[in-house]
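**Student:** Have a look at this one.
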Amino acid sequence: VVDIRSFYKDSGMFTYDPGYTSTASCDSKITFIDGENSELRYRGIPIEELAGKRSYLDVCYLLFRGNLPTEQESKDFDLEIRHRSFLDEGILRLFDALPDHAHPMATMGAATMALATIYKDHLNLENEEEFKIMRRRILAKMPTIAAMAFRNSRGVPMIYPDIDRYFTENFLYMLRAYPGGKLKNLGNGLHEEIKQVEVDALDAILTLHADHEQNASTTTVRNVGSTEAHPYVAIASGIAALWGSAHGGANEKVMDQLQLIGDVKNVPTYIAKAKDKNDPFRLMGFGHRVYKNRDPRAQELKRLQDKLKEELNLDSKLLDIASAVEEAALSDDYFKERGLYPNIDFYSGVILTALKIPVEMFTPIFVIGRIPGWLAQWSELKQDPTAKIARPRQLYTGK
Ligand code: ACO
Numbered sequence: 030v031v032d033i034r035s036f037y038k039d040s041g042m043f044t045y046d047p048g049y050t051s052t053a054s055c056d057s058k059i060t061f062i063d064g065e066n067s068e069l070r071y072r073g074i075p076i077e078e079l080a081g082k083r084s085y086l087d088v089c090y091l092l093f094r095g096n097l098p099t100e101q102e103s104k105d106f107d108l109e110i111r112h113r114s115f116l117d118e119g120i121l122r123l124f125d126a127l128p129d130h131a132h133p134m135a136t137m138g139a140a141t142m143a144l145a146t147i148y149k150d151h152l153n154l155e156n157e158e159e160f161k162i163m164r165r166r167i168l169a170k171m172p173t174i175a176a177m178a179f180r181n182s183r184g185v186p187m188i189y190p191d192i193d194r195y196f197t198e199n200f201l202y203m204l205r206a207y208p209g210g211k212l213k214n215l216g217n218g219l220h221e222e223i224k225q226v227e228v229d230a231l232d233a234i235l236t237l238h239a240d241h242e243q244n245a246s247t248t249t250v251r252n253v254g255s256t257e258a259h260p261y262v263a264i265a266s267g268i269a270a271l272w273g274s275a276h277g278g279a280n281e282k283v284m285d286q287l288q289l290i291g292d293v294k295n296v297p298t299y300i301a302k303a304k305d306k307n308d309p310f311r312l313m314g315f316g317h318r319v320y321k322n323r324d325p326r327a328q329e330l331k332r333l334q335d336k337l338k339e340e341l342n343l344d345s346k347l348l349d350i351a352s353a354v355e356e357a358a359l360s361d362d363y364f365k366e367r368g369l370y371p372n373i374d375f376y377s378g379v380i381l382t383a384l385k386i387p388v389e390m391f392t393p394i395f396v397i398g399r400i401p402g403w404l405a406q407w408s409e410l411k412q413d414p415t416a417k418i419a420r421p422r423q424l425y426t427g428k
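Quick note, the UniProt record's numbering runs 29 ahead of the 1-based positions in the sequence shown.
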């Protein structure tokens, strides 16, 4: 690792690294990835010890504070998050102004940005207590924003969070509840109850998305944060960056692609398309900038998918197509030579479908999961006295 700062000052050395494939933009104590050995740790703890073993809120606490909470701290944190989950009525009116059928990601970005008009005091955070409140406020409100964005897109009336329910269950409740408390799945037909197995599966999915060091959206949050912009605005910009199909938007595209393939017998045709350099088609849910070996999050999700197969009555046709795609790609030289393995998005879509979550909510769920990572990274940046405004240089090739 070369610290370029000294070279730059002494000799004017300049590096050219499109897409920052080998440039560290900061140092960080939050998340460790070893792409060669398929390792991912949050604050030193392997994800295998967290997903499905600790609650998602405990993992958020870990990312924010650097250690897992005690039993009492866990209870207090959970309670505080429940109480902070409500939205200002003005934000609810903002949803009303947006059209039905708006993509929930667009609505979520707008609503998160709009929170900066309410919590103006968060612009000049001076101590850890203020950071703490800001982080907890955004974390608590994001499932409500996501669920209301969804309800708005379906033209269904808004409801309030139910604070008798745990974070993840409350989110499912807000997706399914009709005013008056009757539970109904607004996406895929009637679905009266919320099963504990669904809450646990979604909780594990959120944990697996919680942070992933300097990916495109986190880098965006840090870049915007480096300009001294409002933290809610930085988070809204993270939502914008995550929406793209090369990033968090891929989980929605994976499902579209599995539907498009339509049948196991068509898999070879699509594998050939993905390999054809004259065809822009890419196999969605495959490949990763850092993992040139298996994505450990995908491996955890595959285990979860296998476990849930019967309990949740997973769509076996889509599962069969997904398995055939996976098998064909993993045994193909094109994918092997380039280190292209299924990433987290490849499996999350099938599981979210089993949870009866409509496809346009896949990326919003990624947002909910990634919030603690963005907030922890934003806080780390703000508490680093050596941090500078993000301002890359360019290699001018024009006239
Ligand atoms: N299908 C077919 N070929 C692929 C794929 C794919 N999914 N991904 C990469 N390749 C090929 C490229 O064409 C390139 O081939 P070449 O060397 O012959 O030119 C080679 O593999 C390297 O690809 P790059 O695009 O240079 O790799 P990069 O690290 O820049 O991109 C990315 C990573 C964006 C994730 C890419 O693999 C991709 O587009 N995947 C599909 C979208 C996806 O699943 N995104 C989710 C990523 S995970 C996440 O954000 C949570």
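Ideal Cβ positions, reconstructed from N, Cα and C, are used throughout, including at glycine.
(1) Decide if Asp-308 is buried, meaning its Cβ has at least 16 other Cβ atoms within 10 Å, or exposed.
(2) Identify which residue in Val-379, Tyr-363, Glu-281 has its Cα closest to the Cα of Ala-301.
(3) Is it the case that the CB of Phe-124 approaches a heavy atom of ligand 1 more closely than 7 Å?
(4) So, with DSSP's three-state summary, where would you put Gly-218?
(5) Mind the definition here: the region 339-351 touches the region 243-258 only if three or more C-beta pairs lie below 8 Å; say whether that holds.
(6) Report yes if the CB atom of Val-283 is closer than 8 Å to the CB atom of Asp-361, and no otherwise.
(7) For the pair the region 178-186 and the region 116-133, tell me if three or more CB-CB distances fall below 8 Å.
(8) Quick check on Leu-69: does DSSP put it in helix, strand or coil?
(9) Tell me Pro-75's beta-bridge partners as DSSP assigns them.
(10) Could you round the C-beta distance between Tyr-71 and Ala-239 to whole angstroms and report it? I think they count as a contact, below 8 Å.
(11) From the DSSP secondary-structure annotation, give me the bridge partner or partners of residue 442.
(12) Within this structure, are the beta carbons of Ile-192 and Gln-406 separated by less than 8 Å?
(13) Can you have a look at Asp-56 and say buried or exposed, based on whether 16 or more other CB atoms are within 10 angstroms of its CB?
(14) Which residue marks the beginning of the alpha helix (DSSP H) containing Asp-362, and which one marks its end?
(15) Quick one: does the C-beta of Ile-373 sit closer than 7 Å to a heavy atom of ligand 1?
(16) Does the Cβ of Asp-335 have 16 or more other Cβ atoms within 10 Å, making it buried, or fewer, making it exposed?
(17) Helix, strand or coil: which one does DSSP assign to Phe-61?
(18) To the nearest angstrom, how far is the alpha carbon of Leu-219 from that of Val-354?
(19) Hey, could you find the ends of the alpha helix (DSSP H) Leu-154 is sitting in?
(20) Please classify Asp-324: does DSSP put it in a helix, a strand, or coil?
(21) Flag Phe-93 as yes when its Cβ comes closer than 7 Å to any non-hydrogen atom of ligand 1, and as no otherwise.
(22) Specify, as a first and last residue, the run of the alpha helix (DSSP H) that Glu-242 falls within.
(23) Measuring only the C-alpha atoms, how far is Asp-229 from Asp-413?
(24) Looking at His-317 and ligand 1, is the gap between the Cβ and the nearest heavy atom below 7 Å?
(25) Give the straight-line distance between the Cα atoms of Met-203 and Ala-270, rounded to the nearest whole angstrom.
(26) Determine the burial state of Gln-101: buried for a count of at least 16 other Cβ atoms within 10 Å of its Cβ, exposed for fewer.
(27) Tell me whether the beta-carbon of Ile-188 lies closer than 8 Å to the beta-carbon of Ala-206.
(28) According to DSSP, simplified to helix, strand and coil, what is Thr-44?
(29) Who are the Cβ neighbours of Asn-217 in its own chain at under 8 Å, not counting the five residues just before and after it?
**Tutor:** Taking the geometry as given:
(1) Exposed, by the Cβ-count rule.
(2) Cα-wise, what sits closest to Ala-301 is Tyr-363.
(3) no
(4) Here Gly-218 scores only 40 on pLDDT, less than 50, and its place in the model should not be relied on; the value that follows carries that caveat. It is coil, neither helix nor strand.
(5) Touching, no.
(6) no
(7) Yes: the two stretches touch, three or more of their Cβ pairs being nearer than 8 Å.
(8) Leu-69: strand per DSSP, three-state reduction.
(9) In the DSSP secondary-structure assignment, Pro-75 is bridged to Arg-70.
(10) Contact between Tyr-71 and Ala-239 holds, with the beta-carbon distance rounding to 6 Å and staying under 8 Å.
(11) Residue numbering for the chain in the displayed model covers 30 to 428; residue 442 lies beyond these limits and cannot be assessed.
(12) no
(13) With fewer than 16 other Cβ atoms within 10 Å, it is exposed.
(14) Asp-362 -> alpha helix (DSSP H) spans 362-366.
(15) Indeed, a heavy atom of ligand 1 lies less than 7 Å from the Cβ.
(16) exposed
(17) strand
(18) Note that Leu-219 has pLDDT 37, beneath the 50 cutoff, so the model's placement of it is unreliable and the number below is only indicative. C-alpha separation (whole angstroms): 31 Å.
(19) Premise fails: Leu-154 is in no alpha helix (DSSP H) and is neither H nor E.
(20) coil
(21) no
(22) Glu-242: not part of any alpha helix (DSSP H); DSSP gives it neither H nor E.
(23) Looking at the two C-alpha atoms, the distance is approximately 36 Å.
(24) Within the cutoff, so yes.
(25) 25 Å
(26) With a 10 Å radius around the Cβ and a threshold of 16 neighbouring Cβ atoms, Gln-101 comes out exposed.
(27) yes
(28) coil
(29) Caution applies to Asn-217, whose pLDDT of 44 falls short of 50 and renders its modelled position unreliable; the value that the coordinates give is listed next. Lys-385, Pro-387, listed in sequence order.
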